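Each residue of the sequence shown is one higher than the one before, starting from 1 at the first, in the UniProt record's numbering.
Think of the CB as a built atom: it goes at the ideal place given N, C-alpha and C, for glycine as much as any other residue.
Given the structure is predicted, the values throughout are model-derived calculations rather than measurements.
To keep things clear, I will list the structure first and then write my remarks on it.
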Amino acid sequence: MRFLTVLGFSLLCAGMLTLFSQIQDLLKYLFSLGALYTGIQFFKRNESRGMRIAFVVTTIVLYFIFAVIYAIYLTIKAGTLPASV
Numbered sequence: 001m002r003f004l005t006v007l008g009f010s011l012l013c014a015g016m017l018t019l020f021s022q023i024q025d026l027l028k029y030l031f032s033l034g035a036l037y038t039g040i041q042f043f044k045r046n047e048s049r050g051m052r053i054a055f056v057v058t059t060i061v062l063y064f065i066f067a068v069i070y071a072i073y074l075t076i077k078a079g080t081l082p083a084s085v
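Encoded structure:
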């Protein structure tokens, strides 16, 4: 059950951070505040050091995975794949 809690909060937080990094509008700051609020709620509910470390590490890893997936999506959508050598 603790694994699902960490994974759920991390997915939510990483998704919001990905949107924050990709949106170029004023709306991006709402996603930043949402990620901050999600982190605060997780830290309030779980006081053990291991759970907090797992949350932070999982969020960072998922953020990078989501960012790479989104970059690949944009590249495929634009149709500008690099020529093979």
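Within this structure, are the beta carbons of F55 and S10 separated by less than 8 Å? As a position in the sequence shown, residue 55 is number 55, starting the count at 1. As a position in the sequence shown, residue 10 is number 10, starting the count at 1. For the pair F55 and S10, the CB atoms are nearer than the 8 Å cut-off.
How would you label Y63, buried or exposed, when you count the other beta carbons within 10 angstroms and need 16 or more for buried? Numbered from 1 along the sequence shown, position 63 holds the residue referred to as residue 63. That one is buried.
For F31 and L19, which I take to be in contact (beta-carbon distance under 8 Å), what is that distance rounded to the nearest angstrom? Indexing the sequence shown from 1 puts residue 31 at position 31. Indexing the sequence shown from 1 puts residue 19 at position 19. So it is a contact: roughly 4 Å between Cβ atoms.
Cα-Cα, which of I23, V6 and L12 is closest to A71? Position 71 of the sequence shown holds residue 71. Of the candidates I23, V6 and L12, the one whose C-alpha sits nearest the C-alpha of A71 is I23.
Give me the Cα-Cα distance between L79 and Y73, rounded to the nearest whole angstrom. In the sequence shown, counting from the first residue as 1, residue 79 sits at position 79. In the sequence shown, counting from the first residue as 1, residue 73 sits at position 73. Residue identity check: residue 79 is Gly in the sequence provided, not Leu. If I take the Cα positions, the gap works out to 10 Å.
Quick check on L19: does DSSP put it in helix, strand or coil? As a first step, residue 19 must be located in the sequence shown, where it is residue number 19. The DSSP-derived three-state label of L19 is helix.
On the CB-based measure, 16 or more other CB atoms within 10 Å of its CB, does M1 come out buried or exposed? Translated into positions along the sequence shown, residue 1 becomes position 1. So M1 ends up on the exposed side.
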